[in-house]
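See below for the structure under consideration.
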Amino acid sequence: MSRLDSFIRRLSAQRDILNAVADEVRTLHGPVLELGLGNGRTFDHLRELFPDYRIVAFDRTVNAYGPSMPSAENLVLGEIKDTARTFIGANASLAHADIGTGYEDKDAITLTWLPEIMAGVLAPGGLAISGLPLEHPDLAVLPLPSSVKGGRYFIYRRR
Numbered sequence: 003m004s005r006l007d008s009f010i011r012r013l014s015a016q017r018d019i020l021n022a023v024a025d026e027v028r029t030l031h032g033p034v035l036e037l038g039l040g041n042g043r044t045f046d047h048l049r050e051l052f053p054d055y056r057i058v059a060f061d062r063t064v065n066a067y068g069p070s071m072p073s074a075e076n077l078v079l080g081e082i083k084d085t086a087r088t089f090i091g092a093n094a095s096l097a098h099a100d101i102g103t104g105y106e107d108k109d110a111i112t113l114t115w116l117p118e119i120m121a122g123v124l125a126p127g128g129l130a131i132s133g134l135p136l137e138h139p140d141l142a143v144l145p146l147p148s149s150v151k152g153g154r155y156f157i158y159r160r161r
């Protein structure tokens, strides 16, 4: 598969999963967390899906397209493994992380801390959506929408 096709498949998976869980997330009351703001595409989609929710975005530096930039009070800059840890106990309704690199060695390091943070920031019943698999005893795997190929993206519910 070409890198372009892989990129399209990843973004389609994000959109399809976020759209599929939106109604359920709206039954919860905590903030929405976006781990990995990037250029702000997914953040912008989250704002459309959840206009009445606080959406907090995390990234190392600011690279977002101007209109897709969170307000200063909802942007947390620094190493995500450190800054997101401060949100453990935030009772988030949704946490989304698209911070995989495609390099097994780098992603293996991320997976030493990401599952703990994702489980820790969520309220009971809250949803974690991730481009990397999250193995954690407090996260239960949920089925993917039929449009998303298994292993491309993952959905979990906080027990």
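The sequence shown begins at 3 in my numbering and counts up one residue at a time.
Quick reminder that beta carbons are idealized off the backbone N, C-alpha and C, glycines included.
Here the structure is a predicted model, which means the values were calculated and not measured.
Which same chain residues end up closer than 8 angstroms to residue i when comparing Cβ atoms and leaving out the 5 residues on each side of it in sequence?
i: Ser70; result: Asn41, Gly42, Arg43, Phe45 and Asp46
i: Arg5; result: none
i: Gly152; result: Leu146
i: Ala86; result: Leu35, Leu37, Phe60, Val78, Ile119 and Val123
i: Ile57; result: Pro33, Val34, Leu35, Glu36, Phe45, Leu48, Arg49, Pro72 and Asn76
i: Pro117; result: Leu136, Glu137, His138 and Leu141
i: Leu144; result: Leu129, Ile157, Tyr158 and Arg159
i: Ile101; result: Leu37, Gly38, Ile82, Thr112, Leu116, Gly133 and Leu134
i: Val23; result: Leu96, Leu129, Ile131 and Ile157
i: Arg11; result: Met3, Lys151 and Arg154
Just curious, the beta strand (DSSP E) that residue i is in, first and last residue?
i: Gly122; result: Segment Leu116 to Val123 is the alpha helix (DSSP H) holding Gly122; no beta strand (DSSP E) there.
What does DSSP give as the partner residues of residue i in its beta bridges?
i: Ile131; result: His98 and Ile157
i: Leu144; result: Ile157
Can you name the start and end residues of the alpha helix (DSSP H) that residue i belongs to?
i: Glu106; result: Glu106 to Thr112
Using C-beta distances below 6 angstroms, list every residue in its chain close to residue i, excluding the 5 sequence neighbours before and after it, in chain order.
i: Phe52; result: Val34
i: Ala66; result: Leu39, Asn41 and Gly42
i: Ile82; result: Leu37 and Phe60
i: Tyr55; result: Val34
i: Asp18; result: Pro147, Ser149 and Val150
Ordered along the chain, which non-local residues of its own chain (more than five positions away) have a Cβ less than 7 angstroms from that of residue i?
i: Leu113; result: Leu134
i: Leu30; result: Ser95, Ala125, Gly127 and Gly128
i: Thr103; result: Asp109
Q: Would you mind listing the alpha helix (DSSP H) stretches within the segment 21–98 that are 4+ residues and don't spill past its ends, in chain order?
A: 43–51 and 82–85
Q. Is the segment 82–94 touching the segment 119–129, taking contact as three or more C-beta pairs under 8 angstroms?
A. yes
Q. Are three or more beta carbon pairs between the segment 133–141 and the segment 101–120 nearer than 8 angstroms?
A. yes
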